[in-house]
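Asker: Counting from 1, one number per residue, gives the positions in the sequence shown under the working numbering.
The beta-carbon is built from N, C-alpha and C at its ideal position, and this holds for glycine as well.
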Amino acid sequence: VRSRGNQTGRGGIIERTRRAPPRTTRIEVGSVRPRPGGAQGQGKGLPGVAPLTADTLVERTLRILIDAIARGEIGPGTRLSELHLAQQLGISRGPLREALSRLEGRGLIDRLPHLGPRVVEMTIRDVDELFVLREALEGMAARSAAARITATEIQELRRLLEASRAEGDLESRTSYATPPRNGSADEDFHFRIVRASGNRRLVGSLCDDLYHLVRIYRFRSKMQRGRARSTLLEHTEIVDALEMHDPDRAEA
């Protein structure tokens, strides 16, 4: 499949100056509590909604931070204050620290002595190495997907391409992407092909380890004018090859 400096975030998810208190975005946990007093006094729960646990709170915090970093709302090199982040998100520092630890594991933040966590700054060499690795692994994933992809998965890929085509003005657009909706990686064109490969290690490498780093580069880079149209055509050819179960064309 082929296809930097501190900033102040729009959502305020970074360390602020002392002139203004941090804006707090509350994540309400356990705001609806059962009333005591037996069956007559018990309130009705939300059908089909699981209780919010510490793990889901960490996952929610992780998604918020990943999206803010990927979209440039928290710029490269920006220091992350645990105290301010916890206040702004309305959570304790325990789940926040776990989320930051996972960000570090995915290569999105690093830690410097006496400075704490900060958003990574990707060099030209970092980007080159990232895309060489991504190109090789996605080619392998496309080859595997060609042998096992289902008609339903093909339809979903075509739906994504039609959605991008419907945005129009492909000639003047400087970038092309099928970005995730609501922060869900399932909506990404490349992610879906990797999942269709059925190879759990490829899924783990591309969709967990590399996916969010690629998202950062996509949002911060600009392509040449008119590249959107040619990329859409390339992606259409990939889907055609997958539908024909042609591994060589899909990998090319």
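1) Shortest alpha-carbon distance to GLU59 belongs to which of SER101, LEU83 and GLY77?
2) Among GLU138, GLU234, SER81 and SER164, which one has its Cα closest to the Cα of ASN199?
3) Please confirm whether ARG143 and GLU251 have their CB atoms less than 7 Å apart.
4) With DSSP run on the structure shown, which of helix, strand or coil describes ARG111?
5) Contact defined as beta carbons within less than 8 Å: I believe LEU108 pairs with ILE66. What is the distance between those atoms, to the nearest angstrom?
6) So, with DSSP's three-state summary, where would you put PRO247?
7) Counting pairs of beta carbons, one from the segment 75 to 93 and one from the segment 110 to 119, are three or more of them closer than 8 Å?
8) Determine which residues share a DSSP beta bridge with VAL119 and list them.
9) Excluding the 5 residues preceding and the 5 following GLU237 in the sequence, name in chain order all residues of the same chain whose CB lies nearer than 8 Å to its CB.
10) Excluding sequence positions up to five away, which residues of its chain have a Cβ less than 8 Å from the Cβ of ASP246?
11) Residues in its own chain within less than 6 Å of ILE216 by CB, not counting five upstream and five downstream?
12) So what's ARG71 in DSSP terms, helix, strand or just coil?
13) What does a CB cutoff of less than 8 Å around ARG192 pick up in its chain, not counting 5 residues either side in sequence?
14) Give me the Cα-Cα distance between ARG106 and ASP208, rounded to the nearest whole angstrom.
15) Which one of MET244, HIS212 and ASP240 has the shortest CA to CA distance from LEU103?
16) Tell me which same chain residues have a C-beta within less than 8 Å of the C-beta of LEU96, skipping the five on either side of it?
17) Quick one: what's got a C-beta closer than 6 Å to SER197's C-beta in the same chain, skipping five residues either side?
18) Could you pull the DSSP bridge partners for ARG79 from this structure?
Answerer: Checking against the coordinates, here is how it stands:
1) Counted from its first residue, the sequence shown places residue 59 at position 59. Among SER101, LEU83 and GLY77, the Cα nearest to that of GLU59 belongs to SER101.
2) Within the sequence shown, the letter at position 199 stands for residue 199. Ranking the options by Cα distance to ASN199, first place goes to GLU138.
3) Stepping through the sequence shown from its first residue, residue 143 is reached at position 143. Stepping through the sequence shown from its first residue, residue 251 is reached at position 251. Between ARG143 and GLU251, the C-beta spacing is below 7 Å.
4) The sequence position of residue 111 within the sequence shown is 111, counting from 1. DSSP places ARG111 in strand when its eight states are reduced to three.
5) Position 108 of the sequence shown holds residue 108. Position 66 of the sequence shown holds residue 66. Indeed they touch by this definition, with Cβ atoms about 7 Å apart.
6) Position 247 of the sequence shown, counted from the start, is the residue given in the question as residue 247. Of the three classes helix, strand and coil, the one that applies to PRO247 here is helix, per DSSP.
7) Note that the segment 75 to 93 touches the segment 110 to 119; at least 3 beta-carbon pairs, one per stretch, sit closer than 8 Å.
8) The residue you call residue 119 lines up with position 119 of the sequence shown. Looking at the DSSP output, VAL119 shares a beta bridge with ILE109.
9) Within the sequence shown, numbered from 1, the residue matching residue 237 stands at position 237. Excluding positions up to five away in sequence, the list reads ARG249.
10) The count along the sequence shown starts at 1 and reaches residue 246 at position 246. Around ASP246: ALA146.
11) Here the question's residue 216 lines up with position 216 in the sequence shown. Excluding positions up to five away in sequence, the list reads ALA70.
12) The count along the sequence shown starts at 1 and reaches residue 71 at position 71. Assignment of ARG71 by DSSP, reduced to helix, strand and coil, places it in the coil class.
13) Taking the sequence shown and counting its residues from 1, one reaches residue 192 at position 192. For ARG192, where only same-chain residues beyond five positions count, the Cβ hits under 8 Å are GLU153, GLU156, LEU157, LEU160 and ASP186.
14) Looking up residue 106 in the sequence shown gives position 106. Looking up residue 208 in the sequence shown gives position 208. Straight-line measurement puts the Cα of ASP208 at about 7 Å from the Cα of ARG106.
15) Counting from 1 along the sequence shown, the entry for residue 103 is found at position 103. With distances taken between Cα atoms, LEU103 lies closest to HIS212.
16) Taking the sequence shown and counting its residues from 1, the one referred to as residue 96 is at position 96. Closer than 8 Å at the Cβ level, and outside the excluded window around LEU96, lie THR61, GLU82, LEU85, ALA86 and LEU89.
17) Within the sequence shown, numbered from 1, the residue matching residue 197 stands at position 197. Here the set comprises ALA141, SER144 and ALA145.
18) The residue given as residue 79 occupies position 79 in the sequence shown. In the DSSP assignment, ARG79 forms a beta bridge with ARG118.
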